[in-house]
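J.: So that we are looking at the same thing, I have put the structure below in structure tokens.
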Amino acid sequence: MTQIPASLPPPSFAGGSFKIEQRSDARGKTLLFHGRLTFAEAEPLWHALRAYKQRAKKRERMDLDMSGVEWLDGGAMALLAHFRSELYRRGGRAEFVGASEAVQEIIRIYRGDQPVRAKKKKKARGTLDQLGEATLAIRSELQQMLAFLGQLLVALGGVLRQPKSANLRELLPTMERTGADAVPIVLLINFLVGLVMAFQASQQLARFGANILVADLIGISVTRELGPLMTAIVVCGRSGAAFAAELGSMRVNEEVDALRTMGLEPMRFLVAPRLFALMLVVPLLTLLADLVGILGGLVVAVTSLDLTYVAYLNELKKAVTPWDVGSGIIKSVLFACAIAMIACQQGLATEGGAEGVGRRTTAAVVSTLFALIMIDALFTVFFRVLGR
Amino acid sequence: MSEPLIEVVDLTIGWDQTVLQKDASFTIERGDIFIILGGSGCGKSTMMRYLIGLEKPLSGEVHHHGVAGQKLLQGRPEFGVMFQSGALLGSLTVGENVALPLLSWTELPVEASEAIVEAKLRLVGLQGTENKMPSELSGGMKKRAAIARAMALEPELIFLDEPSAGLDPVTAAELDELILSLNDRLGMTLVMVTHDLDSIFKVGKRCIMLDRASQSIIARGDPRELRDHSDDPRVRSFFKRQPPESP
């Protein structure tokens, strides 16, 4: 009986229940398996088989004699089948021989008696391939966005003709979720922004004896820029993400398809109420944001700059025109459209399962933030050109 | 009589005010292909969730080898589960899904785990799908991948929730053959929730039939025996695929 070389793992695992012997004759080598081959002892079996494989010469025949096997389970069989395949792929041969009927059946269901197919090698993708794929993905994404915009415009046209088709029952609950529920966080953030900005400015203004100008600074920057922008960022994080995740889940659960089969157009039924709700609540939230931002400035003016609140308000009245507030409100409506449209587009483009929803929700928030900054920059330039 | 693998004693299942089954008692023996039957809404899949230990019973107990139901999901699982939808993790490839329990609960080298994954997928007829994402698979393929995952740790007990629902007849028949092989050749015990009559008669060794109205088990035993000899009209209607008999 040929002994397994000392460098191999012990043929009988300590307390284990299998043993492997190797025999050689004119036809080649044979591995004789004895005892119980189970998944519980997969690790020593794996190491033993690997050692035999490493020692096997190329094109060598090495049969697997199963006549001594009392029990074989699926996990152990998986490793034996892999061992056999590896020997074949090295140009050798290996067959299961001598198995009892029960063991042979396990070999059969794990396809251990089938010819071994060559493994397909995975082709590595080059940089150019990846670049090309990324470009095509961007093109496809842009096409989807344009298609969404087109479908939305058509749907809005339909809504104008038939307002009832817009699922307006959803409008008030959506306004509550996106507007009323967001009031506390919008107030807090904008109050703090006004406060921090006034505080930072107060030290510089005090050096020039221009304390009173804090009202101008806060009034104009909050109403024209920070109020609308900070509000839109909060709404994007709250409602934009919620829209994308909600519609994404509906899409992967085939609920959107179900709506279609019921003759309900998702653009009218799902997107329109969300779009209208944001277009109505974001300007209102922006007005509140303007007020509390100015209030934050007032607190600093009174406590750190020795101004009276009457003086602050009088200066504010002189500095801030209705156009400043109005331009911020106009921007906020566009911000609302961007948030609703991007979030809904991303949600409805969701594919796959939970991971797809997560990916689209992230994309919705990131794309919306980018869009908000772009819209803001364009408006600033546009108003400057108009001389406003 | 073989040794009971699962013992259910006076189990009441449901939630809050809704009781689905009251004081159910039965045993599942080693080597069984045990089928939980019943009409829609009678609590078949819910019963399976209690057997697995996913739900806390309203009253009564579930024991696996004497381990109480609440402790079943602590540590390395002693059983595998295939959920109705497959429940493959969408962020992992099919191969990674099957390898997940191996990598989490064994010290096997990655290459050995890969070999086992390949063999399990081959066993369920999904060879070559290791690198696909679950979203790229059909419903039937997802189920088969879920069975491969359930078998990864070579458990002696596997739960299958509606394994043949939504499958074409050929795939369903192949799945039945696989279930029989797992039971017959590998000695696995299988607990299935199904109302696919062909599958029930082909693979089922014992069954219980749940009834929603009476909140109880209305029949138990060999499904073929029940089909041919049951006195209960509800059982006859179910097996003969007929509307309920008029009182």
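For the record, the sequence lines run as chains A and B.
Using our numbering, read the first sequence as starting at 1 and increasing by one per residue.
Using our numbering, read the second sequence as starting at 1001 and increasing by one per residue.
Cβ atoms here follow ideal geometry from the backbone N, Cα and C, with glycine treated the same way.
#1: Answer with buried or exposed for residue 1 (chain A), where buried requires no fewer than 16 other C-beta atoms within 10 angstroms of its C-beta.
#2: Taking only the alpha-carbon atoms, compute the straight-line gap between residue 1240 (chain B) and residue 1143 (chain B) and give it to the nearest angstrom.
#3: If you run the structure through DSSP and keep just helix, strand and coil, what is residue 384 (chain A)?
#4: Buried or exposed for residue 1071 (chain B), going by 16 or more other Cβ atoms inside 10 Å?
#5: Buried or exposed: which applies to residue 82 (chain A), given that a residue is buried once 16 or more other Cβ atoms fall within 10 Å of its Cβ?
#6: Find the residues of chain A that neighbour residue 1208 (chain B), judging by a C-beta separation of less than 7 angstroms, and give them in chain order.
#7: Report the rounded CA-to-CA distance for residue 326 (chain A) versus residue 141 (chain A), giving the unit in angstroms.
#8: What residues in the stretch 1106-1126 of chain B bring their beta carbon closer than 9 angstroms to a beta carbon of chain A?
#9: Could you have a look at residue 1083 (chain B) and say whether DSSP puts it in helix, strand or coil?
#10: Given a limit of 8 angstroms on CB to CB distance, which residues of the stretch 1145-1173 of chain B reach chain A?
#11: Please list, in chain order, all residues of the same chain as residue 1022 (chain B) whose beta carbon is under 7 angstroms from its beta carbon, the five residues on each side excluded.
#12: When DSSP labels each residue in this structure, what does residue 58 (chain A) get in the three-state scheme?
#13: If we cut at 7 angstroms on Cβ distances, does residue 1045 (chain B) have a partner in chain A?
#14: Using 7 angstroms as the limit for Cβ to Cβ distance, is residue 19 (chain A) near chain B?
#15: Per DSSP, what kind of secondary structure is residue 1042 (chain B) in: helix, strand or coil?
#16: Just to confirm the assignment: which complete alpha helix (DSSP H) runs, minimum length 4, are found wholly within the stretch 1087-1175 of chain B?
#17: Less than 6 angstroms between C-beta atoms, sequence neighbours within five positions excluded: which residues of the same chain meet that for residue 377 (chain A)?
#18: Spatial neighbours of residue 320 (chain A) within its chain, please: CB distance less than 7 angstroms, with the 5 preceding and 5 following residues excluded, ordered by chain position.
#19: For residue 231 (chain A), does the three-state DSSP call read helix, strand or coil?
#20: What residue from B:1081, B:1010, B:1103 has the CA that sits closest to residue 1156 (chain B)'s CA?
#21: Please list, in chain order, all residues of the same chain as residue 1202 (chain B) whose beta carbon is under 6 angstroms from its beta carbon, the five residues on each side excluded.
#22: Is it true that the stretch 331-338 of chain A meets the stretch 368-385 of chain A, where meeting means three or more beta-carbon pairs spaced less than 8 angstroms apart?
#23: At a Cβ threshold of 7 angstroms, is residue 383 (chain A) touching chain B?
#24: Residue range of the beta strand (DSSP E) that residue 293 (chain A) falls in?
#25: Under DSSP, the beta strand (DSSP E) around residue 22 (chain A) begins and ends at which residues?
#26: Which whole-angstrom value is the C-beta distance of residue 1194 (chain B) and residue 1243 (chain B), which I expect to be below 8 angstroms?
#27: Compare the C-beta of residue 46 (chain A) against all C-beta atoms of chain B and say whether one is closer than 7 angstroms.
#28: Could you give the DSSP three-state label for residue 1056 (chain B): helix, strand or coil?
#29: With burial defined as no fewer than 16 other Cβ atoms inside 10 Å of the residue's Cβ, what is the status of residue 323 (chain A): buried or exposed?
#30: Enumerate, from N- to C-terminal direction, the unbroken alpha helix (DSSP H) stretches of 4 or more residues contained entirely within the stretch 317-366 of chain A.
#31: Could you tell me whether any Cβ in chain A is nearer than 7 angstroms to the Cβ of residue 1090 (chain B)?
#32: Please name the residues in the stretch 1185-1215 of chain B whose beta-carbon is closer than 9 angstroms to at least one beta-carbon of chain A, in chain order.
#33: Using the Cβ count rule (16 or more neighbours within 10 Å means buried), how would you classify residue 169 (chain A)?
#34: Cβ of residue 277 (chain A) within 7 angstroms of Cβ of residue 174 (chain A)?
#35: Which residues in the same chain as residue 167 (chain A) place their Cβ atom closer than 6 angstroms to its Cβ, once the five residues preceding and following it in sequence are excluded?
#36: Could you tell me which of A:271, A:62, A:261 sits nearest to residue 154 (chain A), measuring between CA atoms?
T.: According to the structure data:
#1: Within the first sequence, numbered from 1, the residue matching residue 1 (chain A) stands at position 1. Only weak support is given to the placement of residue 1 (chain A): the predicted model assigns it a pLDDT of 36, under 50, and the value that follows is read from those uncertain coordinates. It is exposed - the Cβ of residue 1 (chain A) has fewer than 16 other Cβ atoms within 10 Å.
#2: Taking the second sequence and counting its residues from 1, the one referred to as residue 1240 (chain B) is at position 240. Taking the second sequence and counting its residues from 1, the one referred to as residue 1143 (chain B) is at position 143. Distance between the alpha carbons of residue 1240 (chain B) and residue 1143 (chain B): 27 angstroms.
#3: Along the first sequence, read from residue 1 onward, the residue named residue 384 (chain A) stands at position 384. Looking at residue 384 (chain A) - three-state DSSP - the assignment turns out to be helix.
#4: Position 71 of the second sequence holds residue 1071 (chain B). Flag for residue 1071 (chain B) reads exposed.
#5: On the first sequence, residue 82 (chain A) is found 82 positions in, with the first residue counted as 1. Buried: at least 16 other Cβ atoms inside 10 Å.
#6: For the purposes of this step, residue 1208 (chain B) is taken as residue 208 along the second sequence, with counting starting at 1. Chain A residues near residue 1208 (chain B): none, gap ~28 angstroms exceeds 7 angstroms.
#7: For the purposes of this step, residue 326 (chain A) is taken as residue 326 along the first sequence, with counting starting at 1. For the purposes of this step, residue 141 (chain A) is taken as residue 141 along the first sequence, with counting starting at 1. Computed Cα separation, rounded: 34 angstroms.
#8: 1106, 1107, 1108, 1109, 1111, 1112, 1114, 1115, 1116, 1117, 1118, 1119, 1120, 1122, 1123
#9: For the purposes of this step, residue 1083 (chain B) is identified with residue 83 of the second sequence, where counting begins at 1. Reduced to three states, the DSSP call for residue 1083 (chain B) is coil.
#10: 1151, 1153, 1154
#11: Position 22 of the second sequence, counted from the first residue, corresponds to residue 1022 (chain B). Closer than 7 angstroms at Cβ, skipping near neighbours: 1012, 1215, 1216.
#12: Translated into the one-based positions of the first sequence, residue 58 (chain A) becomes position 58. Note: residue 58 (chain A) maps to coil in three-state DSSP.
#13: Your numbering for residue 1045 (chain B) matches position 45 in the second sequence. Not one chain A Cβ lies under 7 angstroms of residue 1045 (chain B).
#14: Looking up residue 19 (chain A) in the first sequence gives position 19. Answer no: the Cβ-Cβ gap between residue 19 (chain A) and chain B never drops below 7 angstroms.
#15: Looking up residue 1042 (chain B) in the second sequence gives position 42. Looking at residue 1042 (chain B) - three-state DSSP - the assignment turns out to be coil, as it is neither helix nor strand.
#16: 1094-1105, 1110-1123, 1139-1150
#17: If you number the first sequence from 1, residue 377 (chain A) lands on position 377. Excluding sequence neighbours, residue 377 (chain A) sits near nothing in its chain.
#18: Along the first sequence, read from residue 1 onward, the residue named residue 320 (chain A) stands at position 320. Around residue 320 (chain A): 219, 220, 223.
#19: As a first step, residue 231 (chain A) is located in the first sequence; it is residue number 231 there, counting from the start. It is helical.
#20: Numbered from 1 along the second sequence, position 156 holds the residue referred to as residue 1156 (chain B). The residue with the shortest Cα to Cα distance from residue 1156 (chain B) is B:1081.
#21: Position 202 of the second sequence holds residue 1202 (chain B). Answer for residue 1202 (chain B): 1176, listed in chain order.
#22: yes
#23: Residue numbering aside, residue 383 (chain A) sits at position 383 when the first sequence is read from its first letter. Answer no: the Cβ-Cβ gap between residue 383 (chain A) and chain B never drops below 7 angstroms.
#24: As a working note, residue 293 (chain A) is residue 293 in the first sequence. Per DSSP, residue 293 (chain A) belongs to no beta strand (DSSP E); it is in the alpha helix (DSSP H), 272-304.
#25: Locating residue 22 (chain A) in the first sequence gives position 22, counting from the first residue. Element bounds for residue 22 (chain A): 18-25.
#26: What you label residue 1194 (chain B) is simply residue 194 of the second sequence in a count that begins at 1. What you label residue 1243 (chain B) is simply residue 243 of the second sequence in a count that begins at 1. Actually they do not touch by this definition, with Cβ atoms about 21 angstroms apart.
#27: Locating residue 46 (chain A) in the first sequence gives position 46, counting from the first residue. So yes, residue 46 (chain A) belongs to the interface.
#28: Stepping through the second sequence from its first residue, residue 1056 (chain B) is reached at position 56. Coil at residue 1056 (chain B), not helix or strand.
#29: For this step, residue 323 (chain A) is matched to residue 323 along the first sequence. Exposed is the call here.
#30: 322-348
#31: Along the second sequence, read from residue 1 onward, the residue named residue 1090 (chain B) stands at position 90. Yes, residue 1090 (chain B) lies at the interface with chain A (some Cβ there is under 7 angstroms from its Cβ).
#32: 1185, 1186, 1187, 1188
#33: The residue you call residue 169 (chain A) lines up with position 169 of the first sequence. Answer is exposed; the Cβ neighbour count stays below 16.
#34: For the purposes of this step, residue 277 (chain A) is taken as the residue at position 277 of the first sequence. For the purposes of this step, residue 174 (chain A) is taken as the residue at position 174 of the first sequence. In contact: residue 277 (chain A) and residue 174 (chain A) (Cβ atoms closer than 7 angstroms).
#35: Translated into the one-based positions of the first sequence, residue 167 (chain A) becomes position 167. Contacts found: 269, 273.
#36: The residue labelled residue 154 (chain A) in the question sits at position 154 within the first sequence. Of the candidates A:271, A:62, A:261, the one whose C-alpha sits nearest the C-alpha of residue 154 (chain A) is A:271.
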